[in-house]
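K.L.:
Residue numbers (the numbering used here): 36 to 224.
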């Protein structure tokens, strides 16, 4: 399975040789499922590593569509690549804190080491959503809807986890979550 991911992403990893990064999230899931991925999310241990990757890609002639302190979005060989600076991942074992569902919890580092949530492969195969971490209950719920439109299912127990967090969210936090969703903060699968 990992060989398929490494081969499919080689167009990008060759350009980043010698730099430190983590590729994580939906692109790995989609490659494992033999589906087309929409984009590639690249995370870093710190902003400096992210800036080195951005500089390398820029020097290779790639221009960014979006560039700010949190994210840089580029098109590389007809694929949207998101360099995510705003959420550092200190090591491969801590990446799981960034993702809400097990089907997104798989990461590969620049040395082709992989770490996946224990349910990743079963949930990808069965197109099942298992809640791993909820930072934004409304954001996670909006992603449930998008995943269900793509053929995924979620059990009542997993939905209850999200609704429990929504119920426990204070009003100020709830307003910020809703604002973030409506302003497009939660576009990524």
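Cβ coordinates follow ideal geometry from the N, Cα and C atoms, glycine included.
Computed from a predicted structure; not experimentally measured.
Quick one: Cα of residue 116 to Cα of residue 173, how far?
P.N.:
One C-alpha to the other measures close to 25 Å.
K.L.:
Excluding five sequence neighbours on each side, which residues of the same chain lie with their C-beta closer than 7 Å to the C-beta of residue 162?
P.N.:
Closer than 7 Å at the Cβ level, and outside the excluded window around residue 162, lie 186, 187 and 188.
K.L.:
Could you check what DSSP says for residue 159 in three-state terms: helix, strand or coil?
P.N.:
In the structure shown, residue 159 sits in a helix (DSSP, three-state: H, G or I).
K.L.:
State the beta-bridge partners of residue 95 as determined by DSSP.
P.N.:
None; residue 95 has no bridge partner.
K.L.:
Work out the CA separation of residue 138 and residue 197 for me, nearest whole Å.
P.N.:
Cα to Cα, residue 197 sits roughly 16 Å from residue 138.
K.L.:
Can you give the Cα-Cα distance for residue 193 and residue 95, rounded to whole angstroms?
P.N.:
Using only the alpha carbons, I get a separation of about 44 Å.
K.L.:
If we count the other Cβ atoms within 10 Å of its Cβ and call it buried at 16 or more, is residue 104 buried or exposed?
P.N.:
Answer is exposed; the Cβ neighbour count stays below 16.
K.L.:
To the nearest angstrom, how far is the alpha carbon of residue 91 from that of residue 69?
P.N.:
Spanning the two alpha carbons is a distance of roughly 30 Å.
K.L.:
Please report the distance separating the alpha-carbon of residue 168 from that of residue 179.
P.N.:
About 13 Å.
K.L.:
Please tell me whether residue 43 and residue 77 are closer than 7 Å, where the distance is taken between their beta carbons.
P.N.:
No, they are not a contact pair.
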